[in-house]
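Participant:
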Amino acid sequence: MINNVVKFYSGYMQIFTEDYHENKTINNTFIYTDSLKQIIDNEPTITQYTSRLEYFSLASSENLTKGSVIIGIDPEGENKVTELKKWVSEGNYLNKDDDGLLVAIDLANYLNVGVGDSIVLYGQGFHGVMAAGIYPVRGILKFPSPELNKQFIYMPLKSCQRLFSADNRLTSIVLMIEDNYQLSRAMRHMKGKIKSPFMVRSWEELQPELVQMIDGDKAGGLFMKTLLYIIITFGILGTILMMVSERKRELGVMIAIGMQRFTLSKILLAETFFIGLIGAVSGLIVSFPLVYYYHLNPYPLTGDAAKTMIDMGIEPFMYFSIQPDIFYVQAFVVLIITMAIAIYPVIKSFTLKLTTALRG
1 MINNVVKFYS
11 GYMQIFTEDY
21 HENKTINNTF
31 IYTDSLKQII
41 DNEPTITQYT
51 SRLEYFSLAS
61 SENLTKGSVI
71 IGIDPEGENK
81 VTELKKWVSE
91 GNYLNKDDDG
101 LLVAIDLANY
111 LNVGVGDSIV
121 LYGQGFHGVM
131 AAGIYPVRGI
141 LKFPSPELNK
151 QFIYMPLKSC
161 QRLFSADNRL
171 TSIVLMIEDN
181 YQLSRAMRHM
191 KGKIKSPFMV
201 RSWEELQPEL
211 VQMIDGDKAG
221 GLFMKTLLYI
231 IITFGILGTI
241 LMMVSERKRE
251 LGVMIAIGMQ
261 RFTLSKILLA
271 ETFFIGLIGA
281 VSGLIVSFPL
291 VYYYHLNPYP
301 LTGDAAKTMI
311 DMGIEPFMYF
321 SIQPDIFYVQ
331 AFVVLIITMA
341 IAIYPVIKSF
351 TLKLTTALRG
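Numbering-wise, the working numbering puts 100 at position 100 of the sequence shown, and it's gapless, one number per residue.
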């Protein structure tokens with residue numbers, strides 16, 4: 001889920017200036033220096049990155065005008081980071097030397113423009129310079145989020161820099177890593193290298209409301225997991241109780257013919273352990289193919305659940321992780337539960353009354 005969220009727009013980390021963090025104006029942009037590029041290229045946890053220039057402008061077509069978010073991108077780099085190309089519903093994706101626009105669908109409908117039409121962008125550029133230009137629409141974007149569909153316009157980075165008279169300037173560099181498990185390590189490395197006036201922030205710091213939503217989802221998952229563990233515990237306990245109760249006479253006979261109670265307790269402990277081990281391994285074997293299938297083919301959500309995720313700018317799918325610790329931790333917990341329950345047959349082997357067991 002987290003990977004899906006960060007690939008949508010923010011990336012796992014972003015680099016920008018301290019001034020831009022406080023006041024997101026084009027005057028607080030920066031020039032992408034060789035030293036900054038070297039820091040990013042030398043960081044082993046970073047898998048992809050892309051540059052952006054973001055600002056606000058009026059978008060006009062004939063008599064219609066609307067405020068829009070203009071995002072200048074490196075088309076190839078942006079697609080590697082956020083897979084922007086897959087949201088193109090009409091027309092074509094941008095290339096590096098293009099001078100056209102990708103317009104979000106609701107904004108395009110409001111302005112009554114389609115592929116091949118032109119849009120006038122008008123606003124304020126770097127240091128108050130007037131920014132104005134007319135650009136053809138190359139493609140229409142259809143995001144899952146209604147808010148993004150109302151205001152986003154993408155254009156090649158060079159065209160955006162010319163529009164706002166901000167040659168070679170950027171508002172941010174978006175960084176991707178392998179997965180969220182690498183985030184703390186990557187942030188530690190980057191914060192040690194990125195010095196003032198630059199700063200690096202994680203997706204958690206950039207989107208605190210999303211973190212709260214994910215934490216709430218994790219709390220619900222923890223409750224369900226605890227409930228399942230309770231069910232598993234009573235299931236195993238019932239099996240062990242039946243095993244000891246039905247074999248009471250057998251255990252009595254074994255003690256009567258000379259088997260030491262300590263030896264008997266070890267046998268019962270081993271039996272219980274292997275019951276738990278076989279159950280845990282069988283669960284892994286059966287569950288992994290199913291989880292792997294849904295990892296490749298996320299389960300689509302519908303109704304209110306889908307609407308909530310769409311409103312947050314998240315694709316309405318339930319994603320399944322195949323992170324190894326998800327599997328072996330559950331198997332280990334089941335084994336721990338089994339060994340805790342194994343205390344009962346061990347105690348029973350020492351407290352079993354021989355005469356009562358033989359009569360049973």
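Quick reminder that beta carbons are idealized off the backbone N, C-alpha and C, glycines included. Only a predicted model underlies this, so the values are computations on that prediction, with no experimental measurement involved.
Can the beta-carbon of E178 be found less than 8 Å from the beta-carbon of T47?
Facilitator: Closer than 8 Å, so yes.
Participant: In terms of alpha-carbon separation, which member of A280, Y294, V333 and G139 lies closest to I230?
Facilitator: Nearest option by C-alpha distance: V333.
Participant: Beta carbon of P156, beta carbon of L64: below 8 Å?
Facilitator: No, the Cβ-Cβ distance between P156 and L64 is not below 8 Å.
Participant: Is it buried or exposed for R52, if we count other Cβ within 10 angstroms and need 16 for buried?
Facilitator: So R52 counts as buried.
Participant: According to DSSP, is F350 part of a helix, a strand, or is it coil?
Facilitator: Helix at F350.
Participant: Does the beta-carbon distance from I140 to E209 come in below 8 Å?
Facilitator: No, the pair does not count as a contact, with Cβ atoms beyond the cut-off.
Participant: Could you pull the start and end residues of the beta strand (DSSP E) that K207 belongs to?
Facilitator: Inspection of the sequence shows that residue 207 is occupied by Gln rather than by Lys. Unbroken run through Q207: none, as it is neither H nor E.
Participant: To which residues of the same chain is L241 closer than 8 Å at the C-beta, ignoring the five residues directly before and after it?
Facilitator: The residues are Y344.
Participant: Give me, in chain order, the residues of the same chain whose beta-carbon lies closer than 6 Å to that of S349; leave out the 5 immediate sequence neighbours on both sides.
Facilitator: Correct list, in chain order: R261, L264, S265 and L268.
Participant: Enumerate in chain order the residues of its own chain whose CB-to-CB distance from V346 is below 7 Å, with the five nearest sequence positions on each side excluded.
Facilitator: So the qualifying residues of the chain are S265, L268 and L269.
Participant: Do you know how far the Cα of N109 is from the Cα of G128?
Facilitator: Cα to Cα, G128 sits roughly 30 Å from N109.
Participant: In chain order, what are the residue ranges of uninterrupted beta strand (DSSP E) at least 3 long that sit wholly in the region 1 to 44?
Facilitator: Those beta strand (DSSP E) runs which fall completely within the region 1 to 44 and span 3+ residues are 13 to 17.
Participant: Using alpha carbons as the reference points, say which of A331, F126 and A59 lies closest to V137.
Facilitator: Minimum Cα distance to V137 is reached at A59.
Participant: Roughly how many angstroms lie between the CA atoms of V103 and E83, to the nearest whole one?
Facilitator: If you take the alpha carbons of V103 and E83, they lie about 16 Å apart.
Participant: Go ahead and label R169 buried or exposed: buried means 16 or more other beta carbons lie within 10 angstroms of its beta carbon, across all protein chains shown.
Facilitator: By the 10 Å Cβ count, R169 comes out buried.
Participant: Within this structure, are the beta carbons of G77 and T50 separated by less than 8 Å?
Facilitator: Contact: yes.
Participant: Report the residue from M243, N112, M187 and L121 whose alpha carbon sits nearest the alpha carbon of I275.
Facilitator: I275 has its Cα closest to that of M243, out of M243, N112, M187 and L121.
Participant: State the DSSP-derived secondary structure class of P300, mapped to helix, strand or coil.
Facilitator: Here P300 sits in strand by DSSP.
Participant: For the region 126 to 155, which segments carrying the beta strand (DSSP E) assignment without a break, of at least 3 residues, lie completely within its bounds, in sequence order?
Facilitator: As far as the region 126 to 155 is concerned, its whole beta strand (DSSP E) runs of at least 3 residues are 130 to 141.
Participant: Whole angstroms is fine: what's the gap from K225's alpha carbon to D19's?
Facilitator: About 44 Å.
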